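Since the structure comes first, as structure tokens, the remarks are kept for the end.
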Amino acid sequence: MTAVAKPGSTKFQVDLRRHLRETEEDRDLTRLICEIADASKYIINSIRTGDLGLAGTSNLYGEDQLALDVLSDRILRKRLIHSGVVANILSEETTEIIKVAPDGKYSVAYDPLDGSSLVDVNLAVGTIVSIYESTNIFQPGRNQVAAMYILYGPRTSLVYSTGKGVHEFSMNQLMEFTLDRENVKMKPSGSIYSPGGQRNLYTEGTEKYVRFLEEKGCKLRYSGGFVPDINQVLLKGTGIFFYPHLRNKPNGKLRLLFELNPMAYLVEQAGGKASTGRQRILDLQPQGIDDCAPIFIGCREDVEKAEEFIAQFG
Ligand code: AHG
Ligand code: MN
Ligand code: MN
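Numbering (our numbering), first residue to last: 477 to 790.
Have a look at this one:
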């Protein structure tokens, strides 16, 4: 059962660094995760006050980059290089791997600001990070040593795992992350669904799965932001998010290395499941930095039911 903070309870006045020290023996990993947490303070500031316009450039996917994407990428990259423990960096906002130090201990893939196009309509956005203890970033997601995200919403929250459970922190008025929920656990099956992509492009299997969920009485919860949408399924412990294979996009839209793998790692650590509809996300062998894959992620039984519909109807 997820332990939830009781206001004022001393047990939960645990800040991120202390929690990592108590649960994670690797000091370098602690340092890396804390550097990323620190970078989020500057990203928050750029979201609250920054330019909402276009950067005048586009990313590897041909998507217009916003000034915020480029600024957030620069903030995070600088902190990772500063950490002194990073070998290679891969960002959604760059077209190739950034080599930092040949003897660096970790390789980091990140989406510096997911959902950035939602900032100008004041919806929640986030930073997603995937960490390998290797110079090689092209590994299946099951080899990650840590994953985390920061969610810039009404609260600024941080969720991380180093393979010993999933833990949620909130940023307090001193801009420190203090523990809210420890060892988050998902139910076997849920009551919300978060359907990404265009419904009219769904395949028969996905269409029938959505009908099944609606007949089960599930409620639709979709903001268009991957981080808040996943955060809701994960922390309420109920339901499923999917951005499926579409008739015109068999690999869906979301990026394997810095969106799907970190979220799949976190959800599996909480007892959930993450699948392309046909296989486990964390078993996919990345081929290129721009790999995309369909995703069904959330409560184990809900994902397994989706796999049944996809197996039977495509
Ligand atoms: P990004 O802003 O990093 O490009 O990612 C946006 C993603 C993700 O946040 C969300 O789940 C998905 O785009 C929504 O895509 P559609 O607009 O096609 O629904
Ligand atoms: Mn993204
Ligand atoms: Mn992004």
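C-beta atoms are modelled at their ideal positions from N, C-alpha and C, and glycine is treated no differently. Computed from a prediction, not measured in an experiment: that's the story for all the values here.
Would you call the region 577-590 and the region 544-559 in contact, with 3 or more CB pairs under 8 angstroms? yes
Cutoff 7 angstroms; reference TYR669; Cβ partners in own chain excluding five residues on either side: LEU689, CYS694, LEU696, GLY715 and ILE716
Under the three-state DSSP convention, the category GLY532 falls into: strand
May I ask you to check if the CB of ASP590 is nearer than 7 angstroms to at least one heavy atom of ligand 3? yes
Comparing the CB of GLU780 with every heavy atom of ligand 2, is any distance shorter than 7 angstroms? no
Contact test: GLU568 Cβ vs ligand 3 heavy atom, cutoff 7 angstroms: yes
Exposure of ASP759, with buried meaning 16 or more beta-carbon neighbours within 10 Å: exposed
Return helix, strand or coil for PHE702, following the three-state DSSP convention. helix
GLU572 and ASN535 - do their beta-carbons sit closer together than 8 angstroms? no
With hydrogens ignored, establish whether the beta-carbon of ASP545 is closer than 7 angstroms to any heavy atom of ligand 3. yes
Using a Cβ-Cβ cut-off of 7 angstroms (strictly less than) and excluding sequence neighbours within five positions of ARG723, which residues of its own chain qualify? LEU677 and THR679
Got a sec: does ligand 2 put a non-hydrogen atom nearer than 7 angstroms to the Cβ of GLU735? yes
Below 7 angstroms, is the gap between the Cβ of ASP527 and the nearest heavy atom of ligand 3? no
Can a CB atom of chain B be found closer than 8 angstroms to the CB of VAL584? Absent here is chain B; the protein component of the structure consists of one chain.
Assign LEU566 to buried or exposed, taking buried as 16 or more other Cβ atoms, counted over all protein chains shown, within 10 Å of its Cβ. buried
Report the three-state DSSP secondary structure of ASN727 (helix, strand or coil). coil
Per-residue burial, TYR577 [other beta carbons within 10 Å of its own, 16 or more giving buried]: Looking at the sequence itself, residue 577 is Ala, so the reference to Tyr does not match. Per the 10 Å Cβ criterion, exposed.
Name the one or two DSSP bridge partners that VAL605 has. TYR586 and MET624
On a Cα-Cα basis, can you pick out the residue from ARG631, ARG507 and LYS712 that is closest to VAL743? LYS712
Spell out the partners DSSP gives VAL635 in its beta bridges. TYR625 and GLU644
Quick one: what does DSSP say LEU760 is sitting in, helix, strand or coil? coil
Assigned exposure category for THR632 - 16 Cβ within 10 Å defines buried: buried
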